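Engineer: Residues in the sequence shown are numbered consecutively from 27, following my numbering.
Just so it is clear, CB atoms sit at the ideal spot from N, CA and C, and this is done for glycine as well.
All values reported here derive from a predicted model rather than from experimental measurement.
Let me give you the structure first, and then I'll get to my questions.
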Amino acid sequence: MSGEFSPNPNDPRVIRTRQLIQDAFFYHLNKKDFSAITVQDITQKATINRATFYAHFADKYELLESVLSYAFQEYVLKQINVGAHLTEETLKQLVISLCNYHDSSNQCIKKYESVAPIFEENIKAQLEKLVLEIAMSQTDGAEPPKTLAYLATMLSWSIYGVTYRWNLEERQESPAELAERVVPFMMSGTGLLN
Numbered sequence: 027m028s029g030e031f032s033p034n035p036n037d038p039r040v041i042r043t044r045q046l047i048q049d050a051f052f053y054h055l056n057k058k059d060f061s062a063i064t065v066q067d068i069t070q071k072a073t074i075n076r077a078t079f080y081a082h083f084a085d086k087y088e089l090l091e092s093v094l095s096y097a098f099q100e101y102v103l104k105q106i107n108v109g110a111h112l113t114e115e116t117l118k119q120l121v122i123s124l125c126n127y128h129d130s131s132n133q134c135i136k137k138y139e140s141v142a143p144i145f146e147e148n149i150k151a152q153l154e155k156l157v158l159e160i161a162m163s164q165t166d167g168a169e170p171p172k173t174l175a176y177l178a179t180m181l182s183w184s185i186y187g188v189t190y191r192w193n194l195e196e197r198q199e200s201p202a203e204l205a206e207r208v209v210p211f212m213m214s215g216t217g218l219l220n
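Shown next as structure tokens:
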């Protein structure tokens, strides 16, 4: 957390205040472009002062990162078993989960394009970390860490790219259909198909 002091994250007042901040932020994201939203807009809607906002977040970018990380946890991390192997089924579940993540973001953010670069950076980083954890647990040190890092980058960026295009093209097929179509191409280049 930002600011001069770190509020106790388990304190009900802190939880309530963070929720007020996030609700105000979503309210404004549905009304105007992210770049036009100010901290003052958020604090007025949340009925808090600026010092309270800054006790929780350094700025609106940190708030956005927090919201995106939470959404990633809800839509992706809770759907994937980190202890699972990097199989075709795991990759299909990642594609489906990321489609759901994109879909939920579209519903929460009116001008999705305005936050797309931040969104992309955040998702790729979190997805890459997840894929790397899964790959490392699968190989038990048999593969060099750098090779696994490249594999994680390749797969996470591929999954993000495919699901981003699916989202841009107005979701013309179901997430499951998309996963069925693209994951075999991803797997053929990884050498991990069991």
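Leaving out five residues before and five after C125 in sequence, what residues of the same chain have Cβ atoms less than 7 Å from its Cβ?
Structural biologist: Against the sequence shown, residue 125 aligns to sequence position 99. Excluding residues within five positions, the ones whose Cβ falls inside 7 Å are T189, W192, P201 and L204.
Engineer: Report the three-state DSSP secondary structure of E154 (helix, strand or coil).
Structural biologist: The residue labelled residue 154 in the question sits at position 128 within the sequence shown. Looking at E154 - three-state DSSP - the assignment turns out to be helix.
Engineer: Can you tell me which of the three DSSP states L112 falls into?
Structural biologist: As a position in the sequence shown, residue 112 is number 86, starting the count at 1. If DSSP states are grouped into helix, strand and coil, L112 belongs with coil.
Engineer: Just the Cα atoms here: how many angstroms apart are F51 and P38?
Structural biologist: For this step, residue 51 is matched to residue 25 along the sequence shown. For this step, residue 38 is matched to residue 12 along the sequence shown. So the alpha carbons of these two residues sit roughly 20 Å apart.
Engineer: Could you pull out every residue in the same chain whose Cβ sits closer than 6 Å to the Cβ of V157, ignoring the five residues on either side in sequence?
Structural biologist: What you label residue 157 is simply residue 131 of the sequence shown in a count that begins at 1. Answer for V157: A178, L181 and S182, listed in chain order.
Engineer: Classify Y127 as buried or exposed, calling it buried when 16 or more other Cβ atoms lie within 10 Å of its own Cβ.
Structural biologist: The sequence position of residue 127 within the sequence shown is 101, counting from 1. So Y127 counts as buried.
Engineer: Can you tell me whether P131 is buried or exposed, with buried defined as 16 or more other CB within 10 angstroms of its CB?
Structural biologist: On the sequence shown, position 105 is the one that residue 131 refers to. Per the sequence presented here, residue 131 reads as Ser, with Pro not at that position. It counts as buried.
Engineer: Beta-carbon separation of V121 and F60 under 8 Å?
Structural biologist: Along the sequence shown, read from residue 1 onward, the residue named residue 121 stands at position 95. Along the sequence shown, read from residue 1 onward, the residue named residue 60 stands at position 34. Their beta carbons are not under 8 Å apart, which means V121 does not touch F60 by this criterion.
Engineer: Measure the alpha-carbon distance for R76 versus H82 and round it to whole angstroms.
Structural biologist: Reading the sequence shown from its first residue, position 50 is the one you call residue 76. Reading the sequence shown from its first residue, position 56 is the one you call residue 82. So the alpha carbons of these two residues sit roughly 10 Å apart.
Engineer: Alpha carbon to alpha carbon, how far is E88 from E154? Give it in angstroms, no decimals.
Structural biologist: Position 128 of the sequence shown, counted from the start, is the residue given in the question as residue 154. Position 62 of the sequence shown, counted from the start, is the residue given in the question as residue 88. If you take the alpha carbons of E154 and E88, they lie about 20 Å apart.
Engineer: What residue ranges within the stretch 65-90 form continuous alpha helix (DSSP H) runs of no fewer than 4 residues, ordered along the chain?
Structural biologist: Those alpha helix (DSSP H) runs which fall completely within the stretch 65-90 and span 4+ residues are 65-72 and 76-82.
Engineer: Whose CA, out of A62, P171, V208 and R44, lies closest to the CA of Y221?
Structural biologist: Summary: the structure shown does not reach residue 221, with the chain confined to residues 27 through 220, and so no result is reported for it.
Engineer: Report yes if the CB atom of Y176 is closer than 8 Å to the CB atom of E146, and no otherwise.
Structural biologist: The residue you call residue 176 lines up with position 150 of the sequence shown. The residue you call residue 146 lines up with position 120 of the sequence shown. Their beta carbons are not under 8 Å apart, which means Y176 does not touch E146 by this criterion.
Engineer: With distances taken from CA atoms, which of R42, D85 and A168 is nearest I63?
Structural biologist: What you label residue 63 is simply residue 37 of the sequence shown in a count that begins at 1. With distances taken between Cα atoms, I63 lies closest to D85.
Engineer: To the nearest angstrom, report how far apart Q110 and T116 are at their CA atoms.
Structural biologist: Stepping through the sequence shown from its first residue, residue 110 is reached at position 84. Stepping through the sequence shown from its first residue, residue 116 is reached at position 90. In the sequence as presented, Gln is not what sits at residue 110; that position holds Ala. Each residue's Cα considered, the two are about 7 Å apart.
Engineer: Below 6 Å CB to CB, which residues in the same chain sit around V209 once its five sequence neighbours on both sides are set aside?
Structural biologist: For the purposes of this step, residue 209 is identified with residue 183 of the sequence shown, where counting begins at 1. These residues qualify, in order along the chain: E114, L117 and K118.
Engineer: Using 8 Å for Cβ pairs, my map puts L194 next to I144. What's the rounded Cβ distance?
Structural biologist: Reading the sequence shown from its first residue, position 168 is the one you call residue 194. Reading the sequence shown from its first residue, position 118 is the one you call residue 144. With 8 Å as the limit, L194 and I144 do not qualify as a contact, their Cβ atoms being about 17 Å apart.
Engineer: Nearest-angstrom Cα distance between A97 and I149?
Structural biologist: Here residue 97 is taken as the residue at index 71 of the sequence shown, counted from 1. Here residue 149 is taken as the residue at index 123 of the sequence shown, counted from 1. Using only the alpha carbons, I get a separation of about 10 Å.
Engineer: Mind checking whether S95 and Q152 have CB atoms under 8 Å apart?
Structural biologist: Against the sequence shown, residue 95 aligns to sequence position 69. Against the sequence shown, residue 152 aligns to sequence position 126. A contact, by the Cβ cut-off of 8 Å.
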